[in-house]
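Every letter in the sequence shown is one number past the one before it in the numbering used here, and letter 13, counting from 1, is 13.
See below for the structure under consideration.
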Amino acid sequence: MFNSSPITSWEGAEAIFSYADSPMGMAVCFWVMAVMLVVPLVVSYNAEERAEIAHQ
1 MFNSSPITSW EGAEAIFSYA DSPMGMAVCF WVMAVMLVVP LVVSYNAEER
51 AEIAHQ
């Protein structure tokens, strides 16, 4: 069972890594993820503040 792979050679095999060898791509990925974290936090904070002011 363990030796039943149809792959017999890794010659010519390619792997796709998202930004694996590109510092610029990694920086872009980092900043996109940072924005995806910060924006919902800011939006929820503002919504909480408005709700707090409306219910005083």
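Cβ coordinates follow ideal geometry from the N, Cα and C atoms, glycine included.
CA-CA distance, residue i and residue j?
i, j, result
"P23", "M33", "15 Å"
"I53", "N46", "11 Å"
"P6", "E48", "56 Å"
"R50", "W10", "59 Å"
"V28", "L37", "14 Å"
Helix, strand or coil for residue i? Go by DSSP, reduced to three states.
i, result
"N3", "coil"
"S44", "helix"
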